[in-house]
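Report on one structure; see the data block that follows.
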Amino acid sequence: MSFLRFTCRCWTYCSIIISLNVSTAAIASQSIPLLRSRPIDLKPSLNRVLEVNLESSTETVRSAPLLESLERTLSALQPSLIMGFTHLTDETPLSASQAALFLEVRQKVLTANPHCKFAVTIHVSNYLTSPELLNKLQEVTTKLGPDIINMVVSSSSDVISPTAVARGIEYAHAHGQLVTYAGPANMIPDGIDCLVMKAFNGEVHRDEINNFKMKHHLPMIVQIPNINQSKDAKETLLISHLAEEQAPFGYHLAYPLSITPSGNLSANKDTSFLVTLRALMTRYN
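Numbering (this note's numbering), first residue to last: 224 to 508.
This is the structure in structure tokens:
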């Protein structure tokens, strides 16, 4: 009798184990999207940010003398993050020449500076549906494979699609990319990794930065819009002031570097500016 009771209990336990194994297998067989771990730590990537403004056509930049000059300059400055290098249009797909320029320059920079990261800007306010934004992100990820997606919302935008932006952030994170946001303060989406603020007229306000950081607990990059990299001493002083205030204010300055429509590399044309740029980076970053 006891033997039969023992046998029944054994079959009961085995049935439970088999049932659990079958349930686990059924769950495992379902199509569950897996997020890859993010490949970069954001903090060291913000140590020395460089914003490259391409005012020239891709074909002009790809000319041998200018391309070599650009690659040497980027390598010499030793940036930890390069932003703004590729300007994407929302109406047309990413061209083969744009992709080739991005990949070639990145390869050259990484040869001299293997820890440098690259960001690509997407104006998410121009995409009002999730499929539209996800298609653009897929195109950028497939052709360029950037480390960071900089999501921009125009200051004149009254409406964005929170659902599309949220799905875009999820997509970027799932593909190992970090997300920065530049746009109106009242539209900051959840899930981003860094805020980008523009220093209009070369001014930043400590209270505003503190409020952002206390509310969102995120690092911050400060960009200088419409900078004129001429021999104007005022522009150099402006950059020097913003570089000096990084530590006291708690932000990371995106140092500006422009390529003019004629194909000249401003920092190389004005040697003193490049020297100043390197000195500021060395001292404060």
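A virtual CB, placed ideally from N, CA and C, is assigned to each residue, including glycine.
The structure presented is a predicted model; accordingly, all values stated were derived computationally and were not measured.
Does at least one heavy atom of the ligand ATP sit under 7 Å from the Cβ of Y474?
-> Ligands in the displayed structure: none, and consequently the ligand ATP is not present.
Count the C-beta pairs between the region 352–370 and the region 405–417 that are closer than 8 Å, then say yes if the count reaches three, no if not.
-> no
Answer with buried or exposed for A502, where buried requires no fewer than 16 other C-beta atoms within 10 angstroms of its C-beta.
-> exposed
Express the C-alpha separation of H439 and T352 in angstroms, rounding to a whole number.
-> 26 Å
Please name the residue, chosen from I383, K359, G307, that lies closest to E314 on a Cα-to-Cα basis.
-> K359
Could you name the residues that DSSP lists as bridge partners for N373?
-> T344, T403
Outcome for D413 when other beta-carbon atoms lying within 10 angstroms are tallied against a minimum of 16 | exposed
Does the distance from the CB of N336 to the CB of S298 come in under 8 Å?
-> yes
Three-state class that DSSP yields for H464 in the structure shown | helix
Assigned secondary structure, H445 (DSSP; H/G/I helix, E/B strand, else coil) = Just to set this straight, residue 445 is Val in the shown sequence, not His. Residue state, collapsed to three classes: strand.
May I ask you to list the residues that DSSP assigns as paired with A477?
-> V272
Spell out whether any CB of chain C is found under 8 Å from the CB atom of A319.
-> Although the question refers to chain C, the structure presented lacks it and comprises just one protein chain.
Using the rule of at least 16 other Cβ atoms within 10 Å of the residue's Cβ for burial, across every protein chain shown, is H396 buried or exposed?
-> buried
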